[in-house]
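Only one structure is covered here, and it is reproduced in the block below.
There are 2 protein chains.
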Amino acid sequence: MIMEEYDKNMKRQVYFVSDSTGITVEALGHSLLSQFQDLRFEYTTLRYVDSLNKVENLCQSISDNESELRPLIFSTLVDGQLRAKLSKTDAHVFDLMGEFLTPLEEILRTQASSALGHTHGQGPDKHYEHRMDAVNFALLNDDGITTKQLDRADIILIGPSRSGKTPTCLYLAMQYGVYAANYPLVEEDFELMRLPKVLAQRHDRLFGLSISAERLHQIREVRRPDSEYASIKQCQYEVNQIGILYRENRIPTCEVTQRSVEEIATRILPYLHLP
Amino acid sequence: MIMEEYDKNMKRQVYFVSDSTGITVEALGHSLLSQFQDLRFEYTTLRYVDSLNKVENLCQSISDNESELRPLIFSTLVDGQLRAKLSKTDAHVFDLMGEFLTPLEEILRTQASSALGHTHGQGPDKHYEHRMDAVNFALLNDDGITTKQLDRADIILIGPSRSGKTPTCLYLAMQYGVYAANYPLVEEDFELMRLPKVLAQRHDRLFGLSISAERLHQIREVRRPDSEYASIKQCQYEVNQIGILYRENRIPTCEVTQRSVEEIATRILPYLHLP
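From first to last, the protein sequence lines are chains A and B.
Quick note on my numbering: the first sequence kicks off at 1 and runs consecutively.
Quick note on my numbering: the second sequence kicks off at 1001 and runs consecutively.
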């Protein structure tokens, strides 16, 4: 491989092109380019590119571009005609569908249907309505607002206040249609060092979030600066007591301090209490 | 292309393999296979596959599999050693990283860093905290609970009750870090046929969701069966009045009847009121 020198501070244009939401191509493109952290990229996503006209506009704006670095295009266009047009533009084109659909057609001995992107559609099945119902469930069963529906929960997250229970529940619902509730542990639970009855009765659905006292302190300070609630002393106390509760009750846990909501949610999936 | 016959009712095993959350490879794999809607697949996602041992276990379970159809594997493993091991398994392997990283290295004249998947991590920048702050903003500014923070909103969604404002706000926040509020229009607004003052003052941030009366009726019936609120007459009235309000006030809108939250959110992105 020739490694010619060029100024790595120059920004290279990157286009994500999709006939649908663009969520998939953005994710794959970012994932690939995150392997080149020393370089600088400028991202543009073009969504719902579903006509020759739109592809021509893109090609035109690329040839009008005066950057010295040839742009990168990552595309999940499905339509053969649009892909052919895009391949002729003055850029490095990574055609994700072209790359994989042809071998898949051979393996599966079936022609691809060339239907536009379906990944994030409502879809023909009930899965979409299920996901939206799960989002409503997460909102209604947040922070122990009500306990009437806890038996419908696939999982009940526990953990100190501000450890990320709510966004994790919402993500599990939105992405995977998981019915996720969460329940706050309060001062009394720490003092008595036992699970509230409503949780003890549903032991098999509990999942604990663990966080470092320092990180918890940092997050709470943003919320309520200089409060007792945010003090490092209080955070250390709660983190310590919760750790003991988790161990004594053999509750599965996930360390969340350095993890994103997506990482936490996907680490919880194997523990779901599914009927 | 040879199109040999085989029983299309047989399920083929599909494995999504990732060293990280697996969200990207699931999305791309589903997107590709959605082009083959006549065939039946059974999906398994293997996340956090970050050791030779885990890859070996996968290879073993595939060779133990007695299905007549050779499985498909879609992989975003980054590590070269793991990819090499996976490529030797008895399955059709689609190695997304291998396919694209080598050409990218040539184009970019830089070695890929082989860092594990970063797409859904907390990342080195502030973007993750920004996204979580946006989720909190969406929760606090849902359904007009408070109007004190409306000036911080990048967008304010309006629309009839149950048209999908809340999940759309949450998705915009979670995925894109957008500060999205939503505000309900009520009976009085329809009667007076004017925007509430709090909205009229922020006209440049308004975005309207449009939904068919039939679909709205259907959704509300699930929530409150046989109520006046859910009746087709009430839904028709609200949908009609809101349509006039949108037009008279030149508010950009999105038709949501057949669309998923992901589709609605990505169609709103071009209208963001960014500072």
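By construction, the Cβ of each residue, glycine as well, lies at the ideal position given by its N, Cα and C atoms.
- Contact note: A1112 of chain B reaches chain A through L32, Q35 and F36, using a C-beta cutoff of 9 Å and chain order.
- Closest option to S67 of chain A, judged by alpha-carbon separation, among A:E106, A:T102 and A:D7: A:D7.
- Listed along the chain, the chain B residues whose CB falls inside 8 Å of the CB of G22 of chain A are T1266.
- Those residues of the region 158-185 of chain A placed with their C-beta closer than 8 Å to a C-beta in chain B are G164, T166, P167, L170, Y171, M174 and Q175, ordered along the chain.
- Counting along the chain, D154 of chain A sits inside no alpha helix (DSSP H), nor does DSSP assign it H or E at all.
- Selection B:G1243, B:E1248 and B:D1189 evaluated against E1255 of chain B yields B:G1243 as nearest (Cα-Cα).
- Its Cα nearest to that of Y1246 of chain B, the residue B:F1190 stands out among B:A1265, B:F1190 and B:H1273.
- Ranking B:P1160, B:E1248, B:L1216 and B:A1180 by CA distance to the CA of A1200 of chain B puts B:E1248 first.
- At a Cβ-Cβ threshold of 7 Å, I1251 of chain B and L1206 of chain B count as neighbours.
- For E1221 of chain B, not one C-beta of chain A is nearer than 7 Å to its own C-beta.
- The shortest C-alpha to C-alpha distance from N9 of chain A to any of A:A153, A:E262, A:I211 and A:F41 is the one to A:F41.
- Chain-ordered listing is empty here: chain A has no CB closer than 9 Å to the CB of M1010 of chain B, the nearest sitting near 12 Å.
- Think of a sphere of 7 Å around the beta carbon of F1094 of chain B: the chain A residues whose beta carbon falls inside it are F100, in chain order.
- Neighbours of T1076 of chain B in chain A, taken as residues whose beta carbon is under 7 Å from its own, are S31 in chain order.
- Counting only Cβ-Cβ distances below 7 Å, R47 of chain A has contacts in chain B at T1266, in chain order.
- Not a single C-beta of chain B is nearer than 7 Å to the C-beta of V55 of chain A.
- Closest in alpha carbon position to A1213 of chain B, among B:M1193, B:K1197, B:S1231 and B:R1224, is B:S1231.
- When Cβ-Cβ separations below 7 Å define contact, E1263 of chain B makes contact with chain A.
- Chain A has a Cβ within less than 7 Å of the Cβ of V1135 of chain B.
- Assignment of beta strand (DSSP E) within the region 1056-1104 of chain B, counting only whole runs of 3 or more residues, yields 1072-1075 and 1092-1095 in chain order.
- A direct Cα-Cα distance of roughly 14 Å separates C1059 of chain B from T1044 of chain B.
- I107 of chain A has a beta carbon lying within less than 7 Å of a beta carbon in chain B.
- When C-alpha distances from S31 of chain A are compared across B:N1065, B:R1152 and B:V1078, the shortest belongs to B:V1078.
- Under the DSSP definition of a beta bridge, L46 of chain A partners with A:V17.
- With fewer than 16 other Cβ atoms inside 10 Å of its own Cβ, E1106 of chain B counts as exposed.
- Non-local C-beta neighbours of R1012 of chain B in its own chain, meaning closer than 6 Å and more than five positions away in sequence, comprise F1041 and L1069, ordered along the chain.
- The region 178-186 of chain A makes contact with the region 162-170 of chain A: 3 or more CB pairs, one atom from each, lie closer than 8 Å.
- Spatial neighbours of L46 of chain A in its own chain (CB-CB distance under 8 Å, excluding positions within 5 residues in sequence) are listed in chain order as Y15, F16, V17, S18, G22, K54 and L58.
- Residues of chain A whose Cβ lies closer than 7 Å to the Cβ of A1027 of chain B are, in chain order, I23, T24, A27 and T119.
- Judged by DSSP secondary structure, Y229 of chain A falls outside any beta strand (DSSP E); it is assigned neither H nor E.
- Assigned with DSSP and collapsed to three states, N9 of chain A falls in coil, not helix or strand.
- Bridge partners of G1177 of chain B according to DSSP: none are assigned.
- Listed along chain A are L32, L33, Q35, F36, L72, H92 and F94, each with a C-beta nearer than 9 Å to that of L1104 of chain B.
- Within the DSSP secondary-structure output, T1253 of chain B pairs in a beta bridge with B:G1208.
- When DSSP states are grouped into helix, strand and coil, R1267 of chain B belongs to the helix group.
- When secondary structure is reduced to three states using DSSP, P167 of chain A falls in the helix class.
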